[in-house]
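Remarks on the structure that follows.
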Amino acid sequence: MEVMDKWVAEFFLRRQQNPRVYASPLLSALKPVDSDDCVKLKLTAVLRDISSSLIQGTVDEGMLDLLEILEKLLLQEHSVIMGSLKSAYCWTAVECTLRFMWPVNASDGFFGDALERIWRNRIGMLKEKESDLVTRELLKWESELNKAFEEPEIYQEIRETNIRYNAISHLNQLLKEQWALLGCSSLESEARKRFLKRKDSPYASRRRGNREKANDVEEVGGVENPDGVDKVNEQEQEHEPILNKGDMLVARELKDLLLEIQKLIDPSTRQDQEPDNAMEQSVDVTPQPDGANRTEAEDSEGTSSSRRVRPHLPTPEPLNVSPLKKGRLERPRPRRPMKFWTSEEVAALREGVKEYGKSWKDIKNSYPVVFADRSEVDLKDKWRNLLGRQ
DNA sequence: TTAGGGCTAGGT
DNA sequence: ACCTAGCCCTAA
Numbered sequence: 001m002e003v004m005d006k007w008v009a010e011f012f013l014r015r016q017q018n019p020r021v022y023a024s025p026l027l028s029a030l031k032p033v034d035s036d037d038c039v040k041l042k043l044t045a046v047l048r049d050i051s052s053s054l055i056q057g058t059v060d061e062g063m064l065d066l067l068e069i070l071e072k073l074l075l076q077e078h079s080v081i082m083g084s085l086k087s088a089y090c091w092t093a094v095e096c097t098l099r100f101m102w103p104v105n106a107s108d109g110f111f112g113d114a115l116e117r118i119w120r121n122r123i124g125m126l127k128e129k130e131s132d133l134v135t136r137e138l139l140k141w142e143s144e145l146n147k148a149f150e151e152p153e154i155y156q157e158i159r160e161t162n163i164r165y166n167a168i169s170h171l172n173q174l175l176k177e178q179w180a181l182l183g184c185s186s187l188e189s190e191a192r193k194r195f196l197k198r199k200d201s202p203y204a205s206r207r208r209g210n211r212e213k214a215n216d217v218e219e220v221g222g223v224e225n226p227d228g229v230d231k232v233n234e235q236e237q238e239h240e241p242i243l244n245k246g247d248m249l250v251a252r253e254l255k256d257l258l259l260e261i262q263k264l265i266d267p268s269t270r271q272d273q274e275p276d277n278a279m280e281q282s283v284d285v286t287p288q289p290d291g292a293n294r295t296e297a298e299d300s301e302g303t304s305s306s307r308r309v310r311p312h313l314p315t316p317e318p319l320n321v322s323p324l325k326k327g328r329l330e331r332p333r334p335r336r337p338m339k340f341w342t343s344e345e346v347a348a349l350r351e352g353v354k355e356y357g358k359s360w361k362d363i364k365n366s367y368p369v370v371f372a373d374r375s376e377v378d379l380k381d382k383w384r385n386l387l388g389r390q
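With the UniProt record's numbering, letter number 58 in the first sequence gets 58, and the count goes up by one each step, no holes.
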């Protein structure tokens, strides 16, 4: 396959405008993918298919296939198999079984067949391979489901559990993490490299008004900052304002171009919506924490109760009785000056997460120079930002 | 040591 | 007014 074909395919697969686009037909339209060097493209394809199925609301055995392929690809990359993949696999497997639990009695339908096919054959194979997907959680479900076949009470109980919700939540989480790990597409990183070479290009001064939503982190990749960080950068280190602007610009222009192409291919495509958001909303069933409202409510409650008339006593002077409490009485530490993340740091973080998962300490230790002035907590916070805050 | 809520500066 | 990235605090 031509390098450009590969890049364009990869780039296209990241567009979420049309949920009905699946990776396999697109890839088969191109020449067969040569085995090496294509892991990133393959990963993109698998993630895209998982994402598409999820948008369609399909959580079936095809999804299990995809998750198994994903595991294989990650192993090829020597990446850690993260908890999100294990959980997603487990809950998807349970959900697939649950689909055959619609009759009131276990023996009436195809529950037995499903147990055989999914748990004894498919997961049996995983066990033989000693796959990481076989977790304690999965084994627990296996024994529960086997019991359910014999005992009607357990069968009923499982039937009434909202498995699907869990499956979808974990699959969403998995997608977020994997897209964040992939970073920007080859086409975009190449574009960025070239853009850097001609820093003085007139493009660098062009700006756009629209902001991309958080989800675009996965698509535009290395764009960690909104444009307009010039002030910081004048004084600060190599935060590459031009790189980011250029990156976004190139990505946006490509996006526009692809929209044009897509309109030609599929006239039904609605252009005026924010497709990325639409997709997130339609699929993401994760409950929103709603933190702001809650604290506000608490606050107002607090103030209203504190407005009650009560005897007013002067605030007592703090007594330095316990050395343990000393810390609290001291002036709060001044905030560290804000320092934006460089693309080098982000790249190191991605590599680190691939290798160690969420062991921030290990990641920091394995890139002592890059992360010299970042704490483990900083790494954790940055990763959370890359995922797009929950 | 990590996860997660909350805060703040700086930007739109 | 609202959003985001980065930083802080605290519980487990």
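Glycine included, each C-beta is placed from N, C-alpha and C at the ideal position.
Subject >> Span of the alpha helix (DSSP H) around Met338 >> reply: Within the first sequence, numbered from 1, the residue matching residue 338 stands at position 338. Neither: Met338 is in no alpha helix (DSSP H) and is coded neither H nor E.
Original post:
Do His170 and Ser84 come within 8 Å of each other at the CB atom, strictly closer than that value?
Top reply: As a first step, residue 84 is located in the first sequence; it is residue number 84 there, counting from the start. As a first step, residue 170 is located in the first sequence; it is residue number 170 there, counting from the start. Yes, they are a contact pair.
Original post:
What are the boundary residues of the alpha helix (DSSP H) that Lys129 is part of?
Top reply: Mapped onto the first sequence, residue 129 falls at position 129. Element bounds for Lys129: n/a, residue is neither H nor E.
Subject >> Pick from Arg335, Arg336, Lys380 and Phe340 that is closest to Leu349, judged by C-alpha positions >> reply: Translated into positions along the first sequence, residue 349 becomes position 349. Out of Arg335, Arg336, Lys380 and Phe340, Lys380 has the C-alpha closest to the C-alpha of Leu349.
Original post:
Excluding five sequence neighbours on each side, which residues of the same chain lie with their C-beta closer than 7 Å to the C-beta of Glu95?
Top reply: Position 95 of the first sequence, counted from the start, is the residue given in the question as residue 95. Cβ neighbours of Glu95 beyond the five flanking positions: Val59, Ile163, Arg164 and Ala167.
Original post:
Could you give the C-beta distance for Leu126 and Thr92, rounded to a whole number, given that I count them as a contact under 8 Å?
Top reply: Within the first sequence, the letter at position 126 stands for residue 126. Within the first sequence, the letter at position 92 stands for residue 92. The beta-carbon separation of Leu126 and Thr92, rounded to 13 Å, does not stay under the 8 Å limit for a contact.
**OP:** Could you work out which residue in Leu67, Leu13 and Ser359 is closest to Ser185 when comparing CA atoms only?
**Re:** The count along the first sequence starts at 1 and reaches residue 185 at position 185. The shortest C-alpha separation from Ser185 is found at Leu13.
Original post:
How about Leu187 and Phe371: do their beta carbons lie closer than 8 Å?
Top reply: Residue mapping note: residue 187 aligns to position 187 of the first sequence, counting from 1. Residue mapping note: residue 371 aligns to position 371 of the first sequence, counting from 1. Their beta carbons are not under 8 Å apart, which means Leu187 does not touch Phe371 by this criterion.
**OP:** Using 10 angstroms around the beta-carbon of Thr97, count the other beta-carbons present and answer buried if the total reaches 16, otherwise exposed.
**Re:** Translated into positions along the first sequence, residue 97 becomes position 97. Flag for Thr97 reads buried.
Subject >> Cut-off 7 Å between Cβ atoms - residues of its own chain near Lys361, not counting five sequence neighbours on either side >> reply: Within the first sequence, numbered from 1, the residue matching residue 361 stands at position 361. Only Glu376 meet the Cβ criterion.
Original post:
Roughly how far, in whole angstroms, is the beta-carbon of Gln178 from the beta-carbon of Leu47, given that I think they are within contact range, below 8 Å?
Top reply: The count along the first sequence starts at 1 and reaches residue 178 at position 178. The count along the first sequence starts at 1 and reaches residue 47 at position 47. 5 Å between Cβ atoms; contact.
Original post:
Straight-line CA distance for Leu145 to Leu175?
Top reply: As a first step, residue 145 must be located in the first sequence, where it is residue number 145. As a first step, residue 175 must be located in the first sequence, where it is residue number 175. Near 27 Å, if we compare the C-alpha coordinates of Leu175 and Leu145.
Original post:
Going straight from the alpha carbon of Ser131 to that of Leu66, what length do you get?
Top reply: Walking along the first sequence from the start, residue 131 turns up at place 131. Walking along the first sequence from the start, residue 66 turns up at place 66. The straight-line gap from Cα to Cα measures roughly 15 Å.
Subject >> Residues of its chain near Met82, where Cβ-Cβ distance is below 7 Å and the 5 sequence neighbours each way are ignored >> reply: Counting from one through the first sequence, the residue named residue 82 turns up at place 82. Only Glu177 and Gly357 meet the Cβ criterion.
Original post:
What is the DSSP secondary structure of Cys90, reduced to helix, strand or coil?
Top reply: Taking the first residue of the first sequence as 1, we reach residue 90 at position 90. Helix, per DSSP.
Original post:
Expressed to the nearest angstrom, what Euclidean distance is found between the alpha-carbon atoms of Phe100 and Val346?
Top reply: Position 100 of the first sequence holds residue 100. Position 346 of the first sequence holds residue 346. For Phe100 and Val346, the distance between alpha carbons rounds to 44 Å.
Original post:
On the premise that Glu160 lies in contact with Cys90, defined as a C-beta separation below 8 Å, what is that separation, rounded to the nearest angstrom?
Top reply: For the purposes of this step, residue 90 is identified with residue 90 of the first sequence, where counting begins at 1. For the purposes of this step, residue 160 is identified with residue 160 of the first sequence, where counting begins at 1. That belief does not hold up - the Cβ atoms of Cys90 and Glu160 are roughly 19 Å apart, past 8 Å.
Original post:
Around the Cβ of Lys364, are there at least 16 other Cβ atoms within 10 angstroms (buried) or fewer (exposed)?
Top reply: Taking the first residue of the first sequence as position 1, residue 364 is located at position 364. Per the 10 Å Cβ criterion, buried.
**OP:** Would you mind listing the alpha helix (DSSP H) stretches within the region 158 to 184 that are 4+ residues and don't spill past its ends, in chain order?
**Re:** 163 to 182
Original post:
Measuring CA to CA, which of Tyr155, Leu74 and Arg335 is closest to Asp108?
Top reply: By 1-based counting over the first sequence, the position of residue 108 is 108. For the options Tyr155, Leu74 and Arg335, the alpha carbon positioned closest to that of Asp108 is the one of Tyr155.
Subject >> Cα-Cα separation, Ala114 to Arg335 >> reply: Sequence index remark: in the first sequence, residue 114 carries index 114 (1-based). Sequence index remark: in the first sequence, residue 335 carries index 335 (1-based). If I take the Cα positions, the gap works out to 57 Å.
Subject >> Three-state class that DSSP yields for Lys358 in the structure shown >> reply: Walking along the first sequence from the start, residue 358 turns up at place 358. Coil.
Subject >> Cut-off 6 Å between Cβ atoms - residues of its own chain near Gly221, not counting five sequence neighbours on either side >> reply: Here residue 221 refers to the residue found at position 221 of the first sequence. Per-residue confidence for Gly221 stands at a pLDDT of 37, beneath the threshold of 50, marking its modelled position as unreliable; no derived number is given.
**OP:** Return the CA-CA distance between Ser366 and Glu351, expressed in angstroms with no decimal places.
**Re:** As a working note, residue 366 is residue 366 in the first sequence. As a working note, residue 351 is residue 351 in the first sequence. Cα to Cα, the separation comes out at about 10 Å.
**OP:** Measure the Cβ-Cβ separation of Leu181 and Lys339 and say whether it is below 8 Å.
**Re:** Within the first sequence, the letter at position 181 stands for residue 181. Within the first sequence, the letter at position 339 stands for residue 339. No, the Cβ-Cβ distance between Leu181 and Lys339 is not below 8 Å.
**OP:** Decide if Ser87 is buried, meaning its Cβ has at least 16 other Cβ atoms within 10 Å, or exposed.
**Re:** Mapped onto the first sequence, residue 87 falls at position 87. Ser87 is buried by the Cβ-count criterion.
Original post:
Once you ignore the five residues that flank Ala148 on each side, which residues in its own chain have a CB closer than 6 Å to its CB?
Top reply: Within the first sequence, the letter at position 148 stands for residue 148. Around Ala148: Ile154, Tyr155 and Ile158.
**OP:** Would you check if the distance between the CB atom of Glu150 and the CB atom of Ile123 is smaller than 8 Å?
**Re:** Taking the first residue of the first sequence as position 1, residue 150 is located at position 150. Taking the first residue of the first sequence as position 1, residue 123 is located at position 123. Not closer than 8 Å, so no.
Original post:
Roughly how many whole angstroms lie between the Cα atoms of Trp7 and Tyr22?
Top reply: In the first sequence, counting from the first residue as 1, residue 7 sits at position 7. In the first sequence, counting from the first residue as 1, residue 22 sits at position 22. Approximately 17 Å between the Cα atoms of the pair.
Subject >> Beta-carbon gap between Glu61 and Ile118 smaller than 8 Å >> reply: The residue labelled residue 61 in the question sits at position 61 within the first sequence. The residue labelled residue 118 in the question sits at position 118 within the first sequence. The answer is yes: Cβ separation under 8 Å.
Subject >> Residue from Pro152, Ser343, Pro337 and Val39 with nearest C-alpha to Leu70 >> reply: Against the first sequence, residue 70 aligns to sequence position 70. Closest by alpha carbon: Val39.
Subject >> Extent of the continuous alpha helix (DSSP H) to which Arg117 belongs >> reply: For the purposes of this step, residue 117 is identified with residue 117 of the first sequence, where counting begins at 1. Premise fails: Arg117 is in no alpha helix (DSSP H) and is neither H nor E.
Original post:
Which whole-angstrom value is the C-beta distance of Leu73 and Leu43, which I expect to be below 8 Å?
Top reply: Taking the first residue of the first sequence as position 1, residue 73 is located at position 73. Taking the first residue of the first sequence as position 1, residue 43 is located at position 43. Sure, about 5 Å apart at Cβ, within 8 Å.
Subject >> Contact set for Ser79: own chain, Cβ-Cβ below 6 Å, skip 5 residues either direction >> reply: Numbered from its first residue, the first sequence carries residue 79 at position 79. Here the set comprises Lys354.
Original post:
What's the gap between the Cα of Glu344 and the Cα of Glu68?
Top reply: Mapped onto the first sequence, residue 344 falls at position 344. Mapped onto the first sequence, residue 68 falls at position 68. Using only the alpha carbons, I get a separation of about 31 Å.
Subject >> Alpha-carbon spacing of Gln173 relative to Arg384, whole angstroms >> reply: Sequence index remark: in the first sequence, residue 173 carries index 173 (1-based). Sequence index remark: in the first sequence, residue 384 carries index 384 (1-based). Between Gln173 and Arg384, the C-alpha separation is close to 12 Å.
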